[in-house]
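Enquirer: Just so you know, we're using the numbering used here here: the sequence shown kicks off at 382 and counts up by one.
The beta carbon of each residue, even a glycine, is placed where N, CA and C say it ideally should be.
Owing to the predicted nature of the structure, the values given are computational and were not obtained by experimental measurement.
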Amino acid sequence: MIQERIDIAVAARPETVLEVLKDVESVDGWLRPHLPAWPPVTSTMTVLECFDDGSPRLVRTISSTLGITDDSLTEYQWYPDGCRLTLLESRTLRHNVSRFTVIPDEPESRLTADISLDLKIRLPGLLERQLKKTQVGFVRSFQRALAAESARRESHS
382 MIQERIDIAV
392 AARPETVLEV
402 LKDVESVDGW
412 LRPHLPAWPP
422 VTSTMTVLEC
432 FDDGSPRLVR
442 TISSTLGITD
452 DSLTEYQWYP
462 DGCRLTLLES
472 RTLRHNVSRF
482 TVIPDEPESR
492 LTADISLDLK
502 IRLPGLLERQ
512 LKKTQVGFVR
522 SFQRALAAES
532 ARRESHS
């Protein structure tokens with residue numbers, strides 16, 4: 382099981398960061414430049430169901446890394462200060478709960494990600510360690526990319 386807390390500063394207002402978090406179908410476009418070249422990671426997210434306010438509720442993600450492809454279904458819960466993602470279905474993950482919290486920290490925001498995940502599949506030790514390292518690296522890259530995209534949108538508003 383991986384449990385990780387990551388905290389970074391974001392040069393944007395909390396509402397801009399939340400707007401970027403809700404725009405899940407554009408994630409691949411702003412995330413890709415922030416991912417390491419190796420191992421290659423691909424990910425496509427599709428909103429299947431939304432809440433009345435348009436926020437995503439159910440999201441299907443197809444991802445691949447280290448020759449392992451996953452098709453997962455995640456439920457989003459939204460709060461005034463962020464969101465919680467709970468894995469409902471996955472081929473490779475037994476458990477994945479992430480909580481993203483955006484805290485005003487004038488003149489910017491703080492973004493905290495609390496991640497808990499566990500693999501369903503058993504792999505040889507070296508490959509399992511590499512996959513877990515890749516998962517944590519992906520979350521850190523996601524957080525940096527989210528900060529960059531939030532700052533970009535903030536500067537254009």
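1) What is the DSSP secondary structure of Gly-463, counted as helix, strand or coil?
2) Is the number of C-beta pairs between the stretch 519-534 and the stretch 409-417 that are closer than 8 angstroms three or more?
3) Do you know offhand how far Asp-388's Cα is from Glu-535's?
4) Using CA coordinates, which residue listed in Lys-514, Arg-503, Val-401 is at the minimum distance from Ile-383?
5) Can you tell me where the beta strand (DSSP E) holding Thr-473 begins and where it ends?
6) Are the beta-carbon atoms of Tyr-457 and Arg-441 separated by less than 8 angstroms?
7) Consult DSSP for Phe-481 and reduce its assignment to one of helix, strand or coil.
8) Does the stretch 492-504 come close enough to the stretch 464-476 that 3 or more CB-CB pairs lie under 8 angstroms?
9) Could you pull out every unbroken beta strand (DSSP E) segment of at least 3 residues lying fully inside the stretch 388-437, listed in chain order?
10) Just verifying my parser: in three-state terms, what is the DSSP assignment at Ser-538?
11) State the DSSP-derived secondary structure class of Arg-441, mapped to helix, strand or coil.
12) Only counting the same chain, and skipping five residues up and downstream in sequence, which positions put a Cβ closer than 7 angstroms to that of Phe-481?
13) Let me check understanding here. Comparing Cα to Cα, which of Val-428, Pro-421, Asp-409 lies closest to Gly-448?
Expert: Taking the definition as stated:
1) Taking the sequence shown and counting its residues from 1, the one referred to as residue 463 is at position 82. In this structure, Gly-463 counts as strand in the three-state DSSP scheme.
2) yes
3) To locate residue 388, count along the sequence shown from 1; it is residue 7. To locate residue 535, count along the sequence shown from 1; it is residue 154. Using only the alpha carbons, I get a separation of about 20 angstroms.
4) Counting from 1 along the sequence shown, the entry for residue 383 is found at position 2. Answer by Cα proximity: Lys-514.
5) As a working mapping, residue 473 is identified with position 92 in the sequence shown. Note, Thr-473: premise wrong, no beta strand (DSSP E); not H, not E.
6) Looking up residue 457 in the sequence shown gives position 76. Looking up residue 441 in the sequence shown gives position 60. Not in contact: Tyr-457 and Arg-441 (Cβ atoms no closer than 8 angstroms).
7) Numbered from 1 along the sequence shown, position 100 holds the residue referred to as residue 481. Reduced to three states, the DSSP call for Phe-481 is strand.
8) yes
9) 422-431
10) As a working mapping, residue 538 is identified with position 157 in the sequence shown. Coil.
11) What you label residue 441 is simply residue 60 of the sequence shown in a count that begins at 1. In the structure shown, Arg-441 sits in a strand (DSSP, three-state: E or B).
12) Within the sequence shown, numbered from 1, the residue matching residue 481 stands at position 100. Excluding residues within five positions, the ones whose Cβ falls inside 7 angstroms are Leu-402, Gly-463, Cys-464, Leu-492, Ala-494.
13) Sequence index remark: in the sequence shown, residue 448 carries index 67 (1-based). Looking at the Cα atoms, Pro-421 is the closest of the given residues.
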